[in-house]
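Here the working numbering is used: the sequence shown runs in plain steps of one and ends on residue 169. For reference, the structure is listed below as structure tokens.
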Amino acid sequence: MAGERGPWGVDSEAEEFFTEFYPRLAGWCRGLVDDDATAHDIASEAFTRLWSRWRTVDRPESYLFSVAANLVKDHWRAREHERSAVRGLLAGRREYAPAADQGFDLRSLVEALPKRLRVPVLLYYYAGLPVSEIATVLHRRPNTVKGDLRQARERLRTALRGLHEIST
2 MAGERGPWGV DSEAEEFFTE FYPRLAGWCR GLVDDDATAH DIASEAFTRL WSRWRTVDRP
62 ESYLFSVAAN LVKDHWRARE HERSAVRGLL AGRREYAPAA DQGFDLRSLV EALPKRLRVP
122 VLLYYYAGLP VSEIATVLHR RPNTVKGDLR QARERLRTAL RGLHEIST
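Structure below.
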């Protein structure tokens, strides 16, 4: 009976919809992101957003796949920002990639930076904001942001040299 609440606090109709479409959506996402955990995260988030509008969405399947498509695009964009950040940090340098078991993780190195340096790095290299916007957001002068980025790059280069050889 429509409107009857199930164990998750949603309609039994919504539960049936979930049972029918979750595997299909997660599989579709898996094909796009090439990672099981990320695919399930995206599918789960898409269903969460659908549940918040369950009573008002006319075509739940279309809505669900549209939300998932946008989440996949966000995932791709984030991965590209990460790749661009790595290229930007190592621009103009010849590098030797470390072995997978050396524990190289640029994200961990960035997270280890002091907040005053970490935030500009994340905004510039990962979010793609220009220095002027970062300065506005952080209430700093543009030259201060440039100096912070320069200092952060030097710290990261030093940390990277400890992991593998980088020659100029």
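Idealized CB from N, CA, C, for every residue including glycine.
Could you have a look at residue i and say whether DSSP puts it in helix, strand or coil?
i, result
"D149", "helix"
"D35", "coil"
"D42", "helix"
"P99", "In this predicted model, P99 has a pLDDT of only 44, less than 50, meaning its place in the structure is not dependable enough to derive any value."
"D12", "strand"
"P115", "coil"
"R154", "helix"
"W52", "helix"
"R78", "helix"
"T159", "helix"
"R142", "coil"
"V58", "coil"
Would a C-beta distance cut-off of 8 Å place residue i and residue j closer than the cut-off?
i, j, result
"L139", "V120", "yes"
"R50", "A40", "no"
"A15", "L26", "no"
"D149", "L107", "no"
"F19", "E62", "no"
"V34", "V73", "yes"
"P143", "A136", "yes"
"Y126", "V132", "no"
Would you mind reading off the limits of the alpha helix (DSSP H) that contains residue i?
i, result
"L139", "132 to 139"
"L123", "Premise fails: L123 is in no alpha helix (DSSP H) and is neither H nor E."
Can you tell which of the options has its C-alpha closest to the C-alpha of residue i?
i, options, result
"L123", "R141, P143, S85", "S85"
"F66", "E155, V132, R141, W29", "W29"
"K116", "R88, E134, V146", "V146"
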